[in-house]
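Residue numbers (this note's numbering): 92 to 192.
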């Protein structure tokens with residue numbers, strides 16, 4: 092049985108477009124892909140991706156605002172990890188698709 096068409100409300104449209112905007116940036120894709128493995132600090136992410144910490148912090152703030160990453164504080168260090176299985180699955184499927192061209 093076919094599902095009836097339900098128009099998307101403005102908030103849903105905005106969140107969907109912002110999620111795709113997040114996934115349209117190569118640096119944010121690299122950060123999310125790195126966080127597939129485990130949680131990492133801003134310093135660890137910057138070192139592993141050869142980026143400056145300011146840029147990493149900026150990108151993480153964008154991702155955190157969309158609830159794509161979460162963080163925990165341990166003393167002075169903040170550790171980030173992925174926070175949305177749905178988006179991470181979309182990202183992984185898209186990476187898999189790109190690798191099978």
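Just so it is clear, CB atoms sit at the ideal spot from N, CA and C, and this is done for glycine as well.
Note that this is a predicted model, so its numbers are computed, not measured.
Q: Can you grab the Cα-Cα spacing for the pair residue 106 / residue 160, in whole Å?
A: Reading the chain shown from its first residue, position 15 is the one you call residue 106. Reading the chain shown from its first residue, position 69 is the one you call residue 160. Taking the straight line joining both Cα atoms gives about 15 Å.
Q) How many Å lie between residue 117 and residue 103 at the Cα? A) Locating residue 117 in the chain shown gives position 26, counting from the first residue. Locating residue 103 in the chain shown gives position 12, counting from the first residue. Their Cα atoms are separated by approximately 24 Å.
(Q) For residue 171, tell me which candidate among 147, 178, 191 has the shortest Cα-Cα distance. (A) Translated into the one-based positions of the chain shown, residue 171 becomes position 80. Out of 147, 178, 191, 147 has the C-alpha closest to the C-alpha of residue 171.
Q: Evaluate the contact criterion for the segment 135 to 146 versus the segment 176 to 190: three or more CB pairs, one atom per stretch, below 8 Å.
A: no
**Q.** Beta-carbon proximity of residue 113 to residue 154, cut-off 8 Å
**A.** Counting from 1 along the chain shown, the entry for residue 113 is found at position 22. Counting from 1 along the chain shown, the entry for residue 154 is found at position 63. Yes, these two residues count as a Cβ contact at 8 Å.
Q) Considering only C-alpha positions, which residue in the set 163, 166, 108, 158 is nearest to residue 174? A) Residue numbering aside, residue 174 sits at position 83 when the chain shown is read from its first letter. Ranking 163, 166, 108, 158 by Cα distance to residue 174 puts 158 first.
Q. Just how far apart, CA to CA, sit residue 101 and residue 108?
A. Within the chain shown, numbered from 1, the residue matching residue 101 stands at position 10. Within the chain shown, numbered from 1, the residue matching residue 108 stands at position 17. Residue 101 and residue 108: Cα-Cα distance of roughly 11 Å.
Q. Taking the alpha-carbon positions, what's the residue 131 to residue 163 distance?
A. Residue mapping note: residue 131 aligns to position 40 of the chain shown, counting from 1. Residue mapping note: residue 163 aligns to position 72 of the chain shown, counting from 1. Looking at the two C-alpha atoms, the distance is approximately 10 Å.
Q.
Ignoring anything shorter than 4 residues, give me the alpha helix (DSSP H) runs that lie fully in the segment 133 to 160, in order along the chain.
A. 133 to 140, 144 to 156
Q. Where does residue 99 fall in DSSP's three states?
A. If you number the chain shown from 1, residue 99 lands on position 8. DSSP places residue 99 in coil when its eight states are reduced to three.
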